[in-house]
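In our numbering, the protein residues as written are 3 to 339. Cβ atoms here follow ideal geometry from the backbone N, Cα and C, with glycine treated the same way. Small disclaimer: the values here were computed from a predicted structure and weren't measured.
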Amino acid sequence: MSVMAVRMRRVLVLAKRSAYDMYVARHQDPSFTRFLSEPQVLSNSSHQHEYGSIQMVGNLQDRHRVHEHTVRLCKDVLSRRQAHIQFEMHLRDELQSPIRDIDLVITVGGDGTLLQASHYLDSSIPVLGVNSDPTQIDEVEENLGRFDANRSSGHLCGATAENFEQMLDDILNGTMEPAEVTRIATFIDGVKIDTPALNDILIAHPSPAAISRCSFSIEKQSTEELLIPVIHSRSSGLRISTATGSTAAMKSAGGTVMPLLSSKLQYMVREPNSPHPKYTSFLKGFVEDDHVLQVDWRSRKGIIYVDGSHLCYPISFGSKIGVSNCAPPLRIFWAQK
Numbered sequence: 003m004s005v006m007a008v009r010m011r012r013v014l015v016l017a018k019r020s021a022y023d024m025y026v027a028r029h030q031d032p033s034f035t036r037f038l039s040e041p042q043v044l045s046n047s048s049h050q051h052e053y054g055s056i057q058m059v060g061n062l063q064d065r066h067r068v069h070e071h072t073v074r075l076c077k078d079v080l081s082r083r084q085a086h087i088q089f090e091m092h093l094r095d096e097l098q099s100p101i102r103d104i105d106l107v108i109t110v111g112g113d114g115t116l117l118q119a120s121h122y123l124d125s126s127i128p129v130l131g132v133n134s135d136p137t138q139i140d141e142v143e144e145n146l147g148r149f150d151a152n153r154s155s156g157h158l159c160g161a162t163a164e165n166f167e168q169m170l171d172d173i174l175n176g177t178m179e180p181a182e183v184t185r186i187a188t189f190i191d192g193v194k195i196d197t198p199a200l201n202d203i204l205i206a207h208p209s210p211a212a213i214s215r216c217s218f219s220i221e222k223q224s225t226e227e228l229l230i231p232v233i234h235s236r237s238s239g240l241r242i243s244t245a246t247g248s249t250a251a252m253k254s255a256g257g258t259v260m261p262l263l264s265s266k267l268q269y270m271v272r273e274p275n276s277p278h279p280k281y282t283s284f285l286k287g288f289v290e291d292d293h294v295l296q297v298d299w300r301s302r303k304g305i306i307y308v309d310g311s312h313l314c315y316p317i318s319f320g321s322k323i324g325v326s327n328c329a330p331p332l333r334i335f336w337a338q339k
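Given below as structure tokens:
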């Protein structure tokens, strides 16, 4: 083992709970379990939507089996290397505080698992994501029209069950280095929030049916020079993404897919309501190094959503939000493309 291997002695593995485990096995959610109790009776139903639900719940069972198989495989691979490393496994929802005294974090799940882990990591500890249940294109095509058979896209994950062992050895042997990707730093009334965003943030009214009112501009941090005019917008929210997040919701909304190692941020006003023609060119754009996007919130209520819907920070009329790329980067292992 090389010097790199010595530095990677302490490994933390974080695994997700599968949807089947959460909804059926643990919580016995009746909206799911009813399709397991008498599947044959329901499968004979003339209602196509109920038959599709049966298939989807069955798909959740299969996804659970695939995920658990990957978790066991990762554990076995790590166990065979215990002469060189020490590892411990936890469920991702057990995370409560910043990760410390660890040399490598391995997430087993999908992008959501890696995103959650990233919120507890600074730039000193690299992470490898293992996609435990990759989407199978043949399965999606076969079930097209019956139910959504997509599994995990795993855009952030560098490994799968098939190549995890090789990637782990490459990392331990020092033949693979992590990439450094940009994260978003967000300030509310001058106070930096604890969580850097790896994908994106959304600043919006709590109700998706309500108008989000805000004014925003871009300034140069070092001189406070105004780089675009102050834009007054009414919309369904303002989204800001990293290059990593540009392939997610930003892409779906018509944004630009950015090179993964770009340090720029991208912003977009969602569904602008009757914008003034003079300012339409400023409703989307980029935040460069040493630039900050300044937002004045003009609705009574608001929320800043960080990397999805689970982590959010309330804001109110008059709140001032600053957004830049000055958060510590995340060190992440990706397979060579």
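For the putative contact between GLN88 and ARG12, defined by C-beta atoms under 8 Å, what is the C-beta separation to the nearest angstrom? 6 Å
Open item on the list: Once the 5 residues before and after VAL289 are set aside, which same chain residues still bring their CB inside 8 Å of it?
Closed with: ILE220, ILE242, LYS266, LEU267, GLN268, TYR269, LEU295, VAL325, SER326 and ASN327
Notebook entry, point to check: HIS312 by DSSP, collapsed to three states: which one?
Noted result: DSSP places HIS312 in coil when its eight states are reduced to three.
Where ARG148 falls, given that 16 or more other Cβ within 10 Å makes a residue buried:
exposed
Let me know the secondary structure DSSP gives PRO330 once reduced to three states.
Coil, per DSSP.
task: Taking 8 Å as the threshold, find out whether the stretch 166-179 comes into contact with the stretch 75-87 through three or more Cβ pairs.
output: yes
Just to confirm, are LEU116 and VAL129 a CB contact at a threshold of 8 Å? yes
Exercise for review: Just the C-alpha distance for TYR22 and ASP309, rounded to the nearest angstrom, thanks.
Suggested key: 23 Å
| Within the present structure, is the beta-carbon of ARG12 separated from the nearest heavy atom of the ligand ATP by less than 7 Å? | Among the ligands in the structure shown, none appear at all, so the ligand ATP cannot be discussed.
* Put SER321 into one of helix, strand or coil per three-state DSSP. => coil
Assuming GLY111 is part of the beta strand (DSSP E), what are its boundary residues? Counted as a single uninterrupted DSSP element, the beta strand (DSSP E) harbouring GLY111 occupies residues 106-111.
> By a C-beta neighbour count over all protein chains shown, 10 Å radius and 16 as the cutoff for buried, is LEU146 buried or exposed?
Replying inline: exposed
field: Exposure label - ARG333; buried when at least 16 CB within 10 Å
entry: buried
Next item on the list: Just mark ASN275 as buried or exposed, buried being the case when its beta carbon has 16 or more other beta carbons within 10 Å.
Entry: It counts as exposed.
* For GLY247 and LEU200, believed in contact at Cβ under 8 Å, the rounded distance -> In this structure, LEU200 and GLY247 form a Cβ contact; the two beta carbons are roughly 7 Å apart against a cut-off of 8 Å.
Next item on the list: For ARG94, count neighbouring Cβ atoms within 10 angstroms of its own Cβ and tell me buried if that reaches 16, exposed if not.
Entry: buried
Exercise for the section: Tell me, please, which residues DSSP counts as bridged to LEU170. Expected result: According to DSSP, LEU170 bridges with nothing at all.
Exercise. How many angstroms separate the CA atom of ASN152 from the CA atom of ASP140?
Worked result: Roughly 10 Å separates the two Cα atoms.
* **For SER254, the first and last residue of its enclosing beta strand (DSSP E)** => Note, SER254: premise wrong, no beta strand (DSSP E); alpha helix (DSSP H) at 251-254.
**Message:** Which of the three DSSP states is assigned to ILE230 in this structure?
**Reply:** coil
Based on the DSSP secondary-structure assignment, which residues constitute the bridge partners of ALA161? VAL132
> Under the rule that 16 or more other beta-carbon atoms within 10 Å means buried, what is ALA85, buried or exposed?
Replying inline: The residue in question, ALA85, is exposed, as its Cβ has fewer than 16 Cβ neighbours within 10 Å.
Between the alpha carbons of PRO330 and SER120, how many angstroms are there, rounded? 11 Å
Q. So does the stretch 301-317 actually touch the stretch 194-211, counting three or more Cβ pairs closer than 8 Å?
A. yes
Identify whether GLU143 lies in helix, strand or coil by the three-state DSSP scheme. DSSP places GLU143 in helix when its eight states are reduced to three.
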